Amino acid sequence: MATNQLFDNHGRPISYLRLAVTDRCNLRCFYCMPEEGIKYLPKKELLTFEEIEKLVTMLAQMGITKIRLTGGEPFVRTDLMQLIRKIVQIEGIKDVHLTTNGILTGQHIPELKQLGIASVNLSLDTLDRDRFKMITRRDEFVKTRETLQSLLDHKIPVKINTVVMDGKNIQDINSLVELTKEQNVSVRFIEEMPFNGEGNHYASLTWTYKKILEHIQKEFPDIQKIQDEENSTAYHYKVPGFKGNVGIIAAFSRTFCGSCNRIRITAQGVLKTCLYDDGVLNIRDLLRAGLGDAEVKAQLLMAFSSRPKDGFEAEQNRKFHSVSESMSTIGG
Ligand code: SAM
Ligand code: SF4
162 MATNQLFDNH
172 GRPISYLRLA
182 VTDRCNLRCF
192 YCMPEEGIKY
202 LPKKELLTFE
212 EIEKLVTMLA
222 QMGITKIRLT
232 GGEPFVRTDL
242 MQLIRKIVQI
252 EGIKDVHLTT
262 NGILTGQHIP
272 ELKQLGIASV
282 NLSLDTLDRD
292 RFKMITRRDE
302 FVKTRETLQS
312 LLDHKIPVKI
322 NTVVMDGKNI
332 QDINSLVELT
342 KEQNVSVRFI
352 EEMPFNGEGN
362 HYASLTWTYK
372 KILEHIQKEF
382 PDIQKIQDEE
392 NSTAYHYKVP
402 GFKGNVGIIA
412 AFSRTFCGSC
422 NRIRITAQGV
432 LKTCLYDDGV
442 LNIRDLLRAG
452 LGDAEVKAQL
462 LMAFSSRPKD
472 GFEAEQNRKF
482 HSVSESMSTI
492 GG
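Per my numbering, the sequence shown starts with residue 162, numbered consecutively.
Here's what the structure looks like:
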């Protein structure tokens with residue numbers, strides 16, 4: 162049971178952990194990794210399942226109630242389901258979510274349903290097989306699309322994550338909105354961030370959240386703003402009569418930092434208290450040095466009490482002053 166509600170030094174509650182279980186991936190999405198891939202971590206550097214379980218148990222005791230398993234591609238990690246079975250049982254963890262590209266996910270959906278997974282975020286940047294191949298550099302559209310259908314059939318809440326890329330998938334924006342007509346799915350358009358393992362793709366961001374919305378409004382002039390969930394990073398909209406909804410995430414413009422309730426832990430156990438910082442505490446090293454729970458928790462609390470106020474301050478404080486690592490390493 163959570164003994165405390167955690168707050169940071171700006172009075173923001175911290176209740177949501179995004180944990181990367183691997184930095185490896187079976188796709189090479191344009192916005193996330195260079196074509197040749199990234200230099201993967203040696204396996205011994207990754208947190209073990211036992212370390213993850215211990216860490217999540219500690220964080221749940223401190224006030225974390227929601228966890229998202231991400232990566233890299235989480236299902237590339239051998240026996241991921243074993244970890245999920247353990248995590249859903251940790252006292253205090255109310256919601257377990259997953260972010261996946263869907264390629265290896267399909268066979269596990271019945272068990273995910275049975276385990277009570279709260280929702281799955283599925284990355285899908287286009288509904289066109291050729292453009293999928295061009296963006297992800299792999300011909301795996303069919304498997305991702307089948308996973309989407311199976312998640313819907315199993316009535317697992319699904320959010321589609323679509324990164325908006327100038328010159329690559331603009332023609333897909335409105336078809337993806339159209340998908341929400343018959344399907345009870347939330348399609349979230351994300352501003353492209355420079356976390357691609359090689360630096361900025363553009364001198365400045367053309368497809369800002371405002372431009373994405375204007376583009377949708379031209380095709381769907383009736384689209385209406387709807388209530389956003391608490392601590393949501395997305396602005397939500399709905400076309401009247403459509404079953405699903407649309408979200409727009411200002412990930413580059415960083416408009417949501419004031420209500421940010423999330424922390425990240427990378428695959429090698431580095432704590433990030435902001436997506437834009439370059440890691441503030443190596444928890445894996447503390448665990449492997451044999452520190453007791455009380456000492457690890459004290460160090461975590463210290464990190465939470467010196468959180469930057471927003472992503473701009475976090476970026477400014479970086480030791481290397483560049484935000485070019487891959488989202489796959491960070492844990493998107
Ligand atoms: N492999 C899984 C997947 O793709 O869903 C999970 C990891 S991936 C890094 C998590 C999310 O980060 C994906 O939805 C992806 O679209 C998003 N992402 C990756 N690189 C990004 C970037 N440069 N800008 C914005 N979003 C990005
Ligand atoms: Fe892999 Fe996800 Fe990055 Fe695409 S976005 S390369 S699927 S980790």
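Quick reminder that beta carbons are idealized off the backbone N, C-alpha and C, glycines included.
Quick caveat, the model's predicted, so the values are computed rather than measured.
Under the assumption that residue i contacts residue j (Cβ atoms under 8 Å), give the Cβ distance between them as a whole number of angstroms.
i	j	result
Val338	Leu312	The pair is not a contact, with the Cβ atoms about 19 Å apart (cut-off 8 Å).
Asp267	Leu283	For clarity, residue 267 is Gly in the given sequence; the question names Asp instead. Actually they are not in contact, since the Cβ atoms of Gly267 and Leu283 sit about 11 Å apart, beyond 8 Å.
Ile278	Ile317	6 Å
Ile254	Val217	7 Å
Gly430	Glu211	In fact, because the Cβ distance is near 12 Å, the residues do not count as touching under 8 Å.
Leu194	Gly358	One detail in the question is off: residue 194 reads as Met in this sequence, not Leu. About 5 Å separates the two Cβ atoms, so the contact holds.
What do you get for residue i, buried or exposed, if any count of 16 or more other CB atoms within 10 angstroms of its CB means buried?
i	result
Met162	In this predicted model, Met162 has a pLDDT of only 47, less than 50, meaning its place in the structure is not dependable; the value taken from the coordinates is given anyway. Flag for Met162 reads exposed.
Leu462	exposed
Ser489	buried
Gln378	exposed
Phe473	exposed
Lys200	exposed
Asn170	exposed
Gly405	buried
Asn345	exposed
Gln310	exposed
Pro203	exposed
Lys433	buried
Ser176	buried
Closer than 8 Å to a non-hydrogen atom of the ligand SAM - does that hold for the CB of residue i?
i	result
Asn392	no
Cys190	yes
Gly493	yes
Ile334	no
Phe232	Note on residue identity: the sequence assigns Gly, not Phe, to residue 232. Yes, since a heavy atom of the ligand SAM falls inside the 8 Å radius drawn around the Cβ of Gly232.
Thr261	yes
Phe356	yes
Leu366	no
Looking at residue j and residue i, is the spacing between their C-beta atoms short of 9 Å?
i	j	result
Val257	Ile248	yes
Val182	Leu241	yes
Thr341	Val237	no
Asp327	Tyr363	yes
Arg425	Leu436	yes
Arg468	Arg179	no
Glu307	Leu265	no
Ile409	Arg349	yes
Confirm the yes/no value for this check: CB of residue i, any heavy atom of the ligand SF4, distance under 8 Å.
i	result
Ser487	yes
Touching by the beta-carbon criterion (3+ pairs, under 8 Å), the segment 380-397 and the segment 412-421: The answer is yes - the segment 412-421 touches the segment 380-397, with three or more Cβ pairs under 8 Å.
Stretch-stretch touch, CB-based, cutoff 8 Å, three pairs: the segment 286-297 with the segment 184-195: Yes, the segment 286-297 touches the segment 184-195.
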